[in-house]
Amino acid sequence: ETGVTQTPRHLVMGMTNKKSLKCEQHLGHNAMYWYKQSAKKPLELMFVYNFKEQTENNSVPSRFSPECPNSSHLFLHLHTLQPEDSALYLCASSQALLHLRGNIQYFGAGTRLSVL
Amino acid sequence: GQQLNQSPQSMFIQEGEDVSMNCTSSSIFNTWLWYKQDPGEGPVLLIALYKAGELTSNGRLTAQFGITRKDSFLNISASIPSDVGIYFCAGPYLNYGGATNKLIFGTGTLLAVQP
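Note that the protein sequences, when read in sequence, are chains Y and A. Under my numbering, the residues of the first sequence are numbered 196 to 311, in order. Under my numbering, the residues of the second sequence are numbered 72 to 186, in order.
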């Protein structure tokens with residue numbers, strides 16, 4: 196148990212569906228992240244939130260819409276996805292930058308998304 | 072830009088063997104992190120390194136922060152079947168203000184252990 200919980204663990208959706216992924220962290224962190232992990236590719240950072248404010252959008256298509264209502268919760272709203280969006284979506288949290296060293300990110304177990 | 076290259080890409084070993092993998096970059100890092108990802112799960116932190124030359128152990132795992140600050144190594148001694156997974160190195164993206172909370176991940180080393 197890493198302290199970061201993602202739901203659902205598995206999701207199958209059609210291209211016309213709308214669904215949401217949820218992430219919750221119990222570590223007292225104030226930065227949260229969404230990553231996409233496709234087969235045989237490095238982890239791709241999608242979004243970064245610091246203190247509920249989005250500070251990074253890594254050229255992610257608008258069919259992915261993040262929401263961070265508070266420092267403990269992060270959502271990824273999905274609509275009109277494509278089959279190539281099928282991947283493992285990982286949420287992570289950390290302390291926001293407070294010093295020169297990088298902060299350790301703690302990951303959830305991920306949501307395995309299949310788009311048909 | 073900052074990139075991390077891991078090698079080898081994959082390893083297939085017998086139980087009991089020692090394993091070595093490394094991570095290199097053309098850029099300097101001030102922190103090195105090693106994560107392990109089990110199949111169908113998220114990455115879990117194994118070891119964090121903060122100082123050039125630092126050698127840190129976590130059970131059968133030992134990692135070192137390279138003196139040049141451009142590389143790091145992870146060794147696993149006496150491997151067991153549950154060591155199977157993908158091992159990632161990672162380091163913070165640096166800008167002129169110092170480290171950021173963006174992590175750069177290596178491409179991963181897939182480890183398979185045959186009993």
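Beta carbons are placed, not taken as given, at the ideal position from N, Cα and C, and that holds for glycine.
For this session: Measure from the C-beta of L116(A) to each C-beta in chain Y and report whether the shortest distance is under 7 Å.
Result: Contacts with chain Y at 7 Å (Cβ-Cβ) include L116(A).
Exercise. Terminal residues of the continuous beta strand (DSSP E) containing D280(Y)?
Worked result: Careful: D280(Y) lies outside any beta strand (DSSP E) and carries neither H nor E.
For this session: List the whole-angstrom C-beta distance separating L271(Y) from S215(Y), where the pair is believed to meet the contact cut-off of C-beta under 8 Å.
Result: 7 Å
Problem set entry | Cβ-based contacts, 9 Å cut-off: residues of the region 295-309 of chain Y near chain A | L295, R296, G297, N298, I299, Q300, Y301, F302, G303, A304, G305 and R307
For this session: Can you pull the chain A residues whose beta carbon is under 8 Å from the beta carbon of V243(Y), in chain order?
Result: N172 and K173
Problem set entry | Continuous beta strand (DSSP E) stretch holding F242(Y): start and end | E239 to N245
Exercise. Can you tell me the Cα-Cα spacing of M82(A) and E125(A), whole angstroms?
Worked result: 25 Å
Exercise. List, in order along the chain, the chain A residues whose C-beta lies closer than 8 Å to that of P237(Y)?
Worked result: F176, G177, T178 and G179
For this session: Taking M208(Y) as part of the beta strand (DSSP E), name the residues at either end of that continuous run.
Result: Per DSSP, M208(Y) is one residue of the beta strand (DSSP E) stretching across H205 to M208.
For this session: Report yes if the C-beta distance between N253(Y) and L269(Y) is below 7 Å; otherwise report no.
Result: no
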